[in-house]
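Worksheet: one structure, shown below.
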Amino acid sequence: MTEPRPHPAVTLETLRRAQDRAFNKEGIPMILALVDERSGATRPPAPTSGEGAGLADRMGVAKTALLPTARDDDMGGVISVLQAVSFTDFGDHGDDDGGAT
Amino acid sequence: MTHLTLSAHRDAIARGDFLRVVNYHNTPASSAKELRVELERYLETHRPLSFDEIDLAFETGRWADPRPAFVPVFYEGYRNSATVAAPICDELGITAWFPVCTGFVDCPVGEQEAFARSHFIGLVPEEMTGERIAMSWDEIADLAQRHVVFPHTASHYGIADVATDEEFDREIAEPKRRMDAATGRSAPAFVWLHGSAWGMSPRHDEAVRAAGYRYLVSNTMVHRIA
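Quick note, the sequences are listed as chains L and Z, same order. If you want my numbering, it's the position in the first sequence, counting the first as 1, plus 3. If you want my numbering, it's the position in the second sequence, counting the first as 1, plus 235.
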């Protein structure tokens, strides 16, 4: 495995490239939060992940850049923020044509 | 119950409670080369991830292997997921997830294109030959030996499409019974059309849990439910 490249800023163009994919030949990179819905489930406290903390910070920056007036519970906005951050995190291989086929 | 907010997602991700997936739909043979190249590129910076590691992370609160990982997910139950995507994943040593619409699998071959067109399952021209375009149960059983296969409802339905007792059984419980019988394993997860999250409807949540699933996969979360 090689080191990932630095992450560029999230812009509206990032969101377009993340979402406008050619579904028959390109995957959609996405970060999924892991949550426990079991009643009474307790987990040992996990140390804050440096990688996760960085992603969370970038989600806040992306939210401000893309949807600054969106509600915290606007799930459409949550999806867009995660798609854009996911794309810059691990889905942008540098030669994407923006989804054109 | 987890709040469906940006803050809740940020909090979980900040703790390290997240995983990276790459969502695919159909993978026609004409795109095999591009798919292989794309998966190889993900492998340059991310390792494959087994489902056992996710179970373990929920039990221990930490990842056994902290290196960045990813999971490709091939939705719907296309035949080419089994004949094109899976062999590439096998060659590259990648564990993939295959959420399958079991009604697509059960549909007579002659109706499968119309079924796809009627249930938001996208096709490309090379699939429109009149031949089988959905996975077979034998292919599902074979995939389950090396990958993670689980139901994506029977009819590619969303929460709003499921209201009666008959629909609950047909779309949630019966797909698991059929899949478990075919694979000899317990399908670990369920996913709705549109990736609806846990907490949208108590009745639907309870039906998913009662059917025996341990996880609900949504657009933005993996919910451990049992």
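Glycine included, each C-beta is placed from N, C-alpha and C at the ideal position.
Check your understanding: Is the CB-CB distance between Val319 of chain Z and Val256 of chain Z below 8 angstroms?
Key -> For the purposes of this step, residue 319 of chain Z is identified with residue 84 of the second sequence, where counting begins at 1. For the purposes of this step, residue 256 of chain Z is identified with residue 21 of the second sequence, where counting begins at 1. In this structure, Val256 of chain Z does not lie closer than 8 angstroms to Val319 of chain Z by Cβ.
Point to revise | Terminal residues of the alpha helix (DSSP H) in which Phe286 of chain Z lies | key: Along the second sequence, one-based indexing puts residue 286 of chain Z at 51. Note, Phe286 of chain Z: alpha helix (DSSP H), 286-295.
Exercise for review: Check whether the Cβ of Ile356 of chain Z lies closer than 8 angstroms to any Cβ atom in chain L.
Suggested key: The residue labelled residue 356 of chain Z in the question sits at position 121 within the second sequence. So, not an interface residue.
Point to revise | Residue range of the unbroken beta strand (DSSP E) whose run includes Arg459 of chain Z | key: Counted from its first residue, the second sequence places residue 459 of chain Z at position 224. Run containing Arg459 of chain Z: 456-459, per the beta strand (DSSP E) assignment.
Exercise for review: Counting only runs of 3+ residues fully inside the stretch 12-89 of chain L, write out the beta strand (DSSP E) ranges in chain order.
Suggested key: If we require 3 residues or more, the beta strand (DSSP E) runs fully inside the stretch 12-89 of chain L come out as 31-39.
Review point. If you drop the 5 nearest sequence neighbours on each side, which residues of the same chain put their C-beta closer than 8 angstroms to that of Ile248 of chain Z?
Key: Looking up residue 248 of chain Z in the second sequence gives position 13. Taken in chain order, the list of residues that qualify is empty.
Check your understanding: Beta-carbon separation of Trp298 of chain Z and Glu40 of chain L under 8 angstroms?
Key -> Position 63 of the second sequence, counted from the start, is the residue given in the question as residue 298 of chain Z. Position 37 of the first sequence, counted from the start, is the residue given in the question as residue 40 of chain L. No, they are not a contact pair.
Check your understanding: Got a sec: is the Cβ-Cβ distance from Thr455 of chain Z to anything in chain L below 8 angstroms?
Key -> In the second sequence, the residue the question calls residue 455 of chain Z occupies position 220. Cβ-Cβ to chain L under 8 angstroms: yes for Thr455 of chain Z.
Check your understanding: If you follow the beta strand (DSSP E) that Trp332 of chain Z is part of, which residue opens it and which one closes it?
Key -> For the purposes of this step, residue 332 of chain Z is taken as residue 97 along the second sequence, with counting starting at 1. Per DSSP, Trp332 of chain Z belongs to the beta strand (DSSP E) from 332-335.
Exercise for review: Could you list the residues in the stretch 11-37 of chain L with a C-beta less than 8 angstroms from some C-beta on chain Z, going in chain order?
Suggested key: Answer in chain order: Phe26, Asn27, Lys28, Glu29, Gly30, Ile31, Pro32, Met33, Ile34, Leu35, Ala36, Leu37.
Point to revise | Cα-Cα separation between Gly53 of chain L and Gly251 of chain Z, rounded to whole angstroms | key: Mapped onto the first sequence, residue 53 of chain L falls at position 50. Mapped onto the second sequence, residue 251 of chain Z falls at position 16. So the alpha carbons of these two residues sit roughly 8 angstroms apart.
Review point. For the alpha helix (DSSP H) that contains Val272 of chain Z, what are its first and last residues?
Key: Counted from its first residue, the second sequence places residue 272 of chain Z at position 37. 267-280 is the span of the alpha helix (DSSP H), which, as asked, contains Val272 of chain Z.
Practice item. Take Phe403 of chain Z and list the residues in its own chain whose beta-carbon comes closer than 7 angstroms to its own, dropping the five residues that flank it on each side. Key: Working through the second sequence from its first residue, we reach residue 403 of chain Z at position 168. Within the same chain, Cβ atoms closer than 7 angstroms to the Cβ of Phe403 of chain Z are found at Val397, Ala442, the five residues on either side in sequence being excluded.
Review point. What first and last residue would you give for the alpha helix (DSSP H) that runs through Phe403 of chain Z?
Key: Mapped onto the second sequence, residue 403 of chain Z falls at position 168. Unbroken alpha helix (DSSP H) run through Phe403 of chain Z: 400-403.
**Study point:** Whether Leu327 of chain Z touches Leu284 of chain Z by CB criterion (8 angstroms)
**Key:** Residue numbering aside, residue 327 of chain Z sits at position 92 when the second sequence is read from its first letter. Residue numbering aside, residue 284 of chain Z sits at position 49 when the second sequence is read from its first letter. No, the Cβ-Cβ distance between Leu327 of chain Z and Leu284 of chain Z is not below 8 angstroms.
Check your understanding: Which bits of chain L does Ser285 of chain Z rub up against, with CB to CB less than 8 angstroms?
Key -> For this step, residue 285 of chain Z is matched to residue 50 along the second sequence. Within chain L, no residue has its beta carbon less than 8 angstroms from that of Ser285 of chain Z; the closest one is some 15 angstroms off.
Point to revise | Inter-residue Cα distance where the pair is Arg459 of chain Z and Thr399 of chain Z | key: Here the question's residue 459 of chain Z lines up with position 224 in the second sequence. Here the question's residue 399 of chain Z lines up with position 164 in the second sequence. If I take the Cα positions, the gap works out to 25 angstroms.
Practice item. Have a look at Phe309 of chain Z and Thr262 of chain Z and give me their C-alpha separation to the nearest angstrom. Key: Counting from one through the second sequence, the residue named residue 309 of chain Z turns up at place 74. Counting from one through the second sequence, the residue named residue 262 of chain Z turns up at place 27. Going from the Cα of Phe309 of chain Z to the Cα of Thr262 of chain Z covers about 8 angstroms.
Exercise for review: Indicate the three-state DSSP secondary structure (helix, strand or coil) for Arg352 of chain Z in the structure shown.
Suggested key: Mapped onto the second sequence, residue 352 of chain Z falls at position 117. In this structure, Arg352 of chain Z counts as helix in the three-state DSSP scheme.
Review point. Hey, out of L:Arg20, L:Val38, L:Phe26, whose CA is closest to Ser453 of chain Z's CA?
Key: In the second sequence, counting from the first residue as 1, residue 453 of chain Z sits at position 218. The candidate whose alpha carbon is nearest that of Ser453 of chain Z is L:Val38.
Check your understanding: Which chain Z residues are close to Val64 of chain L, counting only those with a beta carbon under 7 angstroms from its beta carbon?
Key -> Stepping through the first sequence from its first residue, residue 64 of chain L is reached at position 61. Simply none; closest approach about 11 angstroms.
Check your understanding: So, is the C-beta of Gly43 of chain L closer than 8 angstroms to a C-beta in chain Z?
Key -> To locate residue 43 of chain L, count along the first sequence from 1; it is residue 40. With 8 angstroms as the cut-off, Gly43 of chain L does not count as an interface residue toward chain Z.
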